[in-house]
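Quick notes on the structure that follows.
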Amino acid sequence: MFRRSWNRFCAGEEKRVGTRTVFVGNHPISETEAYIAQRFCDNRIVSSKYTLWNFLPKNLFEQFRRIANFYFLIIFLVQVTVDTPTSPVTSGLPLFFVITVTAIKQGYEDWLRHRADNEVNKSTVNIIENAKRVKKECEKIKVGDVVEVQADETFPCDLILLSSCTSDGTCYVTTASLDGESNCKTHYAVRDTIALCTAESIDTLRAAIECEQPQPDLYKFVGRINIYSNSLEAVARSLGPENLLLKGATLKSTKKIYGVAVYTGMETKMALNYQGKSQKRSAVEKSINTFLIVYLFILLTKAAVCTTLKYVWQSYPYNDEPWYNQKTQKERETLKVLKMFTDFLSFMVLFNFIIPVSMYVTVEMQKFLGSFFISWDKDFYDEEIKEGALVNTSDLNEELGQVDYVFTDKTGTLTENSMEFIECCIDGYKYNGVTEEVDGLSRTDGPLTHFDKADKNKEELFLRALCLCHTVEIKTNDAVDGATESTELTYVSSSPDEIALVKGAKKYGFTFLGTRNDCMRVENQRKEIEEYELLHTLNFDPVRRRMSVIVKNQKGDIYLFCKGADSAIFPRIQIPEPESTKLRNAIDSTKQHVERSAMNGYRTLGVAFKNIAPDDYERINRQLIEAKMALQDREEKMEEVLDDIETNMNLIGATAVEDKLQDQAAETIEALHAAGLKVWVLTGDKMETAKSTCYACRLFQTSTELLELTTKTIKECERKDRLHELLIEYRKKLLREFPKSTKRNCKKRAWTDQEYGLIIDGATLSLILNSSQECGSSNYKSIFLQICMKCTAVLCCRMAPLQKAQIVRMVKNLKGSPITLSIGDGANDVSMILESHVGIGIKGKEGRQAARNSDYSVPKFKHLKKLLLAHGHLYYVRIAHLVQYFFYKNLCFILPQFLYQFFCGFSQQLVL
307 MFRRSWNRFC
317 AGEEKRVGTR
327 TVFVGNHPIS
337 ETEAYIAQRF
347 CDNRIVSSKY
357 TLWNFLPKNL
367 FEQFRRIANF
377 YFLIIFLVQV
387 TVDTPTSPVT
397 SGLPLFFVIT
407 VTAIKQGYED
417 WLRHRADNEV
427 NKSTVNIIEN
437 AKRVKKECEK
447 IKVGDVVEVQ
457 ADETFPCDLI
467 LLSSCTSDGT
477 CYVTTASLDG
487 ESNCKTHYAV
497 RDTIALCTAE
507 SIDTLRAAIE
517 CEQPQPDLYK
527 FVGRINIYSN
537 SLEAVARSLG
547 PENLLLKGAT
557 LKSTKKIYGV
567 AVYTGMETKM
577 ALNYQGKSQK
587 RSAVEKSINT
597 FLIVYLFILL
607 TKAAVCTTLK
617 YVWQSYPYND
627 EPWYNQKTQK
637 ERETLKVLKM
647 FTDFLSFMVL
657 FNFIIPVSMY
667 VTVEMQKFLG
677 SFFISWDKDF
687 YDEEIKEGAL
697 VNTSDLNEEL
707 GQVDYVFTDK
717 TGTLTENSME
727 FIECCIDGYK
737 YNGVTEEVDG
747 LSRTDGPLTH
757 FDKADKNKEE
767 LFLRALCLCH
777 TVEIKTNDAV
787 DGATESTELT
797 YVSSSPDEIA
807 LVKGAKKYGF
817 TFLGTRNDCM
827 RVENQRKEIE
837 EYELLHTLNF
847 DPVRRRMSVI
857 VKNQKGDIYL
867 FCKGADSAIF
877 PRIQIPEPES
887 TKLRNAIDST
897 KQHVERSAMN
907 GYRTLGVAFK
917 NIAPDDYERI
927 NRQLIEAKMA
937 LQDREEKMEE
947 VLDDIETNMN
957 LIGATAVEDK
967 LQDQAAETIE
977 ALHAAGLKVW
987 VLTGDKMETA
997 KSTCYACRLF
1007 QTSTELLELT
1017 TKTIKECERK
1027 DRLHELLIEY
1037 RKKLLREFPK
1047 STKRNCKKRA
1057 WTDQEYGLII
1067 DGATLSLILN
1077 SSQECGSSNY
1087 KSIFLQICMK
1097 CTAVLCCRMA
1107 PLQKAQIVRM
1117 VKNLKGSPIT
1127 LSIGDGANDV
1137 SMILESHVGI
1147 GIKGKEGRQA
1157 ARNSDYSVPK
1167 FKHLKKLLLA
1177 HGHLYYVRIA
1187 HLVQYFFYKN
1197 LCFILPQFLY
1207 QFFCGFSQQL
1217 VL
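Written as structure tokens, this is what we have:
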């Protein structure tokens, strides 16, 4: 199942083939109808490599794939079967020792994986059966079982939320182990099952869920729940990502929830995004294998020369059988060809020391002992977490000095994932705070100041929009991971920039007090409580690049508040009349403010609103309900409705939020660029956020011309036609700018040519891969890689975990086999860490899965600079000298033995 899902995902655009029907609680809809249980995958997770039965043959096969091991096995067999000048023990004992120690080591590591799997599979969970809470092992969960999850527990499989202990049927979830985001996300139950908060009541539910087959995309889910009453009349409700609780996520700030299992075991989204761990081999080890082949050829040549000269020597009768060494009758009757073959093998055994047996042991010891230099380096020690660097794989030390491409995550790796409200622009007037320099970071503090002032009503409307247009929830007196705490309120949101905006509004007098019974409460500057009925939340998506809310105030007026990327807001602003000079100036001033903020690396958002007449709202409400209920093409239908709603809006202003970079992140990237390494950013975040971060960390310079291959740039026409046009256009542009040249003028061009950067999103990457497989005449993948190679930096946004691994694999397979390195801090980075030649995990706030699956782990991104440019360089120099010395030593050692054969009549005697 995992392989089929992987192949389907790699094919590009997700192809949803069929649906599955899940009966809640595995109860039949009608007592009179026969119920036939469907077959689904069990809930076992398997990450181990071996079993008790296949360990010995599989491990021996993997070990004898190494040329040296296979070579010494052949030599040992020759020594056993043929009369040779050396004992079989000289080859067999070292080989047996190496194979045994390696097998014990790998067996122990796999035993640890078995133990980790059993900890998960054998953990107990609460399942509702016959209105009772029953404890079962996690691996025994079946699709359709109703599971009870307590606070701070991890979801054992992918669940549809049915109810929670809260009155509104919401729960808070952290997905740090899945997508690297430590902020709480709010999930919702359908309103028909909210009241089923006990085991007895949940057991009475008769419902069937229709949903898509398992897909690896963490951010997509399409389904529908049909709830049957006593009259067997189904009530249908739509299900989306906000109703799906993913395996690996953790329940926070909610005492308990009830959910029904829809995907289990290796069909969960977490399992479908897991990239199996394979053994990594360094480039030096591959070079050693090449050297071994060359030296093996020298060995064969020497053995052949000595065998030939021996029989030339013995062609003279007095040399063949001297008086002091008469042949036996058996030796005289032996076939000459067989005798020549055994002599050839004897010479091979005599000269086999040209292959350095001790080199492997010495190299392993050098790597193992050398790895302590990283662990002992005090510059890698972080005072905050009280930890230093850790080496998980010493086999790849020298790879650190040969890296060509660095693939890095953004959130938690380049940034601290900590947003701060910096400034805003209201009606064309810029507002900011008193700025102080604290520890190198810009901090806004003090009262609101301005050079000129907007109308008071516009100011209040802007702050009111910040308090209403979001998905922030309130938790009082409860510490929540990822939330921003005040003395009284805890703000919880899946997006840290929303928390920053709400806190910014609170700082200037408008405080969001939470949502109760679909009613949003806001305290204004006059300490008055304003209440707004939340009619609809139009969530953010990467195509629209904006989100909206439709609210009704106490007077009955209906408003649409919208915020989003400036490029998604400004085209939808109502065009002012020609005589409205003031309004035009306000829009132009806001655009200039947004451009300046973006140049400073801030995350900018436009804010707009419009009034909705009651008749228009009835039409909008009807369209939204119809689109949400669609099981097929739901996204396309929702996009059409939202595109119609979010038009002819009135611009209020814009905001600038800073996502703080990690200490010395920009300096580290500059140093890597100066050393000749190419840095690519692979993130699941939105394009606008990622782009601003790339400017802030100097991946993109202000003079860099950006080439975009995103959903936005190819949606205007037929997608594949438009994509083909852009790929051809960009390639022509870059080839015209960078014609093929010699190395002599490369440095000159580096100072004179225009720099280009590429931005691509996950949907377009899928389309490129799909097209490259389907279109024989147009290899989109090849053109895409040509474009990437010509760009100084590449940003890949909205990437699923497996897509990150796909990007790394594409670069690994380029001509010349460049060395790749991946660095990240979340479980969503594990796939690319395992795929690259060298994987580095950051010991961040978002769990330790990346650090556990990496080859090396460091506390901060800034430590990458010394790890590669100092330790990596020195490791490579040491290992190169060591390997060259061993081959030179053994060649010099065996040459006298070869020359001695000319003086001993090629009798295979040893030089003593």
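The sequence shown lines up with residues 307 to 1218 when you count with my numbering.
C-beta: ideal position from N, C-alpha, C; glycine also.
Source: prediction; values computed, not measured.
Can you tell which of the options has its C-alpha closest to the C-alpha of residue i?
i     : options                      : result
S473  : C490, T560 and Y525          : T560
D1131 : V1217, T717 and N436         : T717
Y1191 : D683, V985, I594 and A996    : I594
L1108 : M1138, K1087, C775 and M1116 : M1138
G554  : V455, D649 and N532          : V455
L606  : Q521, R852, Y377 and K1018   : Y377
C1225 : I805, N375 and V449          : Outside the shown range of the chain (307 to 1218) lies residue 1225, about which nothing can therefore be said.
P547  : T390, I879, F647 and F846    : F846
When you compare the CB positions of residue i and residue j, do they come within less than 9 Å of one another, or not?
i     : j     : result
Y617  : P1124 : no
L1040 : K1096 : yes
K1110 : L978  : no
A971  : H899  : no
A914  : L844  : no
L1029 : I1093 : no
T817  : C775  : no
I1146 : F657  : no
I433  : D458  : no
F1193 : Y601  : yes
L1015 : L1033 : yes
E573  : V1144 : no
T570  : N349  : yes
C1003 : I1020 : no
V778  : S799  : yes
How many Å lie between residue i and residue j at the Cα?
i     : j     : result
F674  : D701  : 8 Å
T1126 : F382  : 38 Å
A1157 : L696  : 9 Å
L1188 : V669  : 8 Å
R439  : V453  : 9 Å
D745  : A996  : Residue confidence is low: D745 scores 30 on pLDDT, short of 50, so the model does not pin down where it sits. Its coordinate-derived value is still stated next. Spanning the two alpha carbons is a distance of roughly 24 Å.
D803  : G734  : 22 Å
C463  : A513  : 19 Å
R1055 : R1104 : Per-residue confidence for R1055 stands at a pLDDT of 42, beneath the threshold of 50, marking its modelled position as unreliable; the derived number appears in the next sentence. If you take the alpha carbons of R1055 and R1104, they lie about 33 Å apart.
T1048 : R1042 : Residue confidence is low: T1048 scores 43 on pLDDT, short of 50, so the model does not pin down where it sits. No coordinate-derived value is stated.
T1008 : D991  : 22 Å
R940  : K1149 : 39 Å
C503  : V496  : 13 Å
N763  : L468  : 43 Å
V655  : Y666  : 19 Å
Q1215 : I599  : 26 Å
L358  : S854  : 56 Å
T499  : I508  : 8 Å
V1217 : V1114 : 53 Å
P391  : F1167 : 57 Å
A567  : C471  : 19 Å
L819  : A871  : 26 Å
V590  : Q369  : 18 Å
Kindly identify the DSSP beta-bridge partner or partners of residue i.
i     : result
G265  : Here the chain comprises residues numbered 307 to 1218, so residue 265 is not present and cannot be evaluated.
M826  : T821 and Y838
M853  : K869
Q456  : K562
A695  : For A695, which the question treats as bridged, DSSP gives no partner whatsoever.
K916  : L866
A960  : C731 and G912
N432  : K441 and E454
G1145 : S1128
>> Measuring CB atoms only, is the region 827 to 834 touching the region 886 to 896, in the sense that at least three cross pairs come out at less than 8 Å?
In response: no
> So does the region 410 to 430 actually touch the region 346 to 360, counting three or more Cβ pairs closer than 8 Å?
Replying inline: yes
> So, do the region 425 to 433 and the region 402 to 415 have three or more beta carbon pairs nearer to each other than 8 Å?
Replying inline: no
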